[in-house]
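Visitor: In our numbering, the protein residues as written are 2 to 192.
What follows is the structure in structure tokens.
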């Protein structure tokens, strides 16, 4: 399903039909749609150095009082699970795959039936696997999932140093990026 036009059009329609919950999210939606209109399928590949599509997942436990966060080596902060589209258009599937890769959990349920959030995220320069990555934008589509916190979890050591179920009330204490706290709180209002 990597390069199918049907999947590409479906994702574009989902982004277009998404109803923003804040004025900033509305502006982010416009930017994402404009970027896709301008760059087409190239927007879904990180070879697009200025900006590219990403998918992220907020995973809550079954009682909806904890969130599964990884401590990201690049950002030096706890945060959601997610990754780059890398040429794929089914962003929900990417979010699910990233949950599995970054936490070891393969049994998740989509808690919110559609896109839970859209955001444009500024990513500062960093080194990843020995390569210098310049400042760029993540054109992000977020999803909200639920999982059993009793399931075994594991660390993806090349990206994270820890993975844990964090009480939702503690997010502002473990997340060091103010913008991300706002995004997480916005998504968690969907519960």
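Cβ atoms here follow ideal geometry from the backbone N, Cα and C, with glycine treated the same way.
Which same chain residues end up closer than 7 Å to residue 2 when comparing Cβ atoms and leaving out the 5 residues on each side of it in sequence?
Guide: Stepping through the chain shown from its first residue, residue 2 is reached at position 1. Reliability fails at residue 2, whose pLDDT of 45 lies under 50, so the model's placement of it is uncertain and no value is given.
Visitor: Are residue 187 and residue 118 touching if we call contact CB-CB under 7 Å?
Guide: Here residue 187 refers to the residue found at position 186 of the chain shown. Here residue 118 refers to the residue found at position 117 of the chain shown. Contact flag set, yes.
Visitor: Under three-state DSSP, which class holds residue 168?
Guide: The residue you call residue 168 lines up with position 167 of the chain shown. Here residue 168 sits in strand by DSSP.
Visitor: List the DSSP bridge partners of residue 68.
Guide: For the purposes of this step, residue 68 is identified with residue 67 of the chain shown, where counting begins at 1. Looking at the DSSP assignment, residue 68 forms a beta bridge with 61, 167.
Visitor: Keeping to the same chain, check which residues put their C-beta closer than 7 Å to that of residue 22; ignore five residues upstream and five downstream.
Guide: By one-based count along the chain shown, residue 22 stands at place 21. Closer than 7 Å at Cβ, skipping near neighbours: 187.
Visitor: DSSP three-state label for residue 2, please.
Guide: The count along the chain shown starts at 1 and reaches residue 2 at position 1. Annotation note: pLDDT 45 at residue 2 (below 50); position unreliable, coordinate value reported separately. Looking at residue 2 - three-state DSSP - the assignment turns out to be coil, as it is neither helix nor strand.
Visitor: With a Cβ-Cβ cutoff of 7 Å, do residue 105 and residue 154 count as a contact?
Guide: One-based indexing of the chain shown puts residue 105 at position 104. One-based indexing of the chain shown puts residue 154 at position 153. In contact: residue 105 and residue 154 (Cβ atoms closer than 7 Å).
Visitor: Among the candidates 192, 191, 156, whose CA atom is the shortest distance from the CA of residue 79?
Guide: Against the chain shown, residue 79 aligns to sequence position 78. The residue with the shortest Cα to Cα distance from residue 79 is 156.
Visitor: Using only alpha-carbon positions, find the residue among 175, 38, 75 that is nearest to residue 132.
Guide: Translated into the one-based positions of the chain shown, residue 132 becomes position 131. Per the Cα distances, 75.
Visitor: Taking just the CA atoms, how far does residue 83 sit from residue 182?
Guide: In the chain shown, residue 182 corresponds to position 181, counting from 1. In the chain shown, residue 83 corresponds to position 82, counting from 1. If you take the alpha carbons of residue 182 and residue 83, they lie about 16 Å apart.
Visitor: Here's a check: name, in chain order, each residue in its chain whose Cβ is nearer than 6 Å to the Cβ of residue 163, leaving out the five neighbours to either side.
Guide: Residue 163 sits at position 162 when you count from the first residue of the chain shown. Same-chain partners within the cutoff: 72.
Visitor: What would DSSP say about residue 144, mapped onto helix, strand or coil?
Guide: For this step, residue 144 is matched to residue 143 along the chain shown. In this structure, residue 144 counts as strand in the three-state DSSP scheme.
Visitor: Applying the criterion that 16 or more other CB atoms from any shown protein chain within 10 Å of the CB defines a buried residue, is residue 127 buried or exposed?
Guide: One-based indexing of the chain shown puts residue 127 at position 126. Its Cβ having fewer than 16 others within 10 Å, residue 127 is exposed.
Visitor: Could you give the first and the last residue of the continuous beta strand (DSSP E) run that contains residue 120?
Guide: Sequence index remark: in the chain shown, residue 120 carries index 119 (1-based). That run of the beta strand (DSSP E) goes 118-124.
Visitor: Could you tell me whether the Cβ atoms of residue 169 and residue 175 are closer together than 7 Å?
Guide: Numbered from 1 along the chain shown, position 168 holds the residue referred to as residue 169. Numbered from 1 along the chain shown, position 174 holds the residue referred to as residue 175. For residue 169 and residue 175, no; Cβs fall outside 7 Å.
Visitor: Pick helix, strand or coil for residue 133, following the three-state DSSP scheme.
Guide: Along the chain shown, read from residue 1 onward, the residue named residue 133 stands at position 132. Of the three classes helix, strand and coil, the one that applies to residue 133 here is strand, per DSSP.
Visitor: To the nearest whole angstrom, what separates the beta carbons of residue 146 and residue 121, a pair I think is in contact under 8 Å?
Guide: Counting from one through the chain shown, the residue named residue 146 turns up at place 145. Counting from one through the chain shown, the residue named residue 121 turns up at place 120. About 22 Å separates the two Cβ atoms, so there is no contact after all.
Visitor: Can residue 88 and residue 46 be called in contact, C-beta distance under 7 Å?
Guide: Indexing the chain shown from 1 puts residue 88 at position 87. Indexing the chain shown from 1 puts residue 46 at position 45. Yes. Within cutoff.
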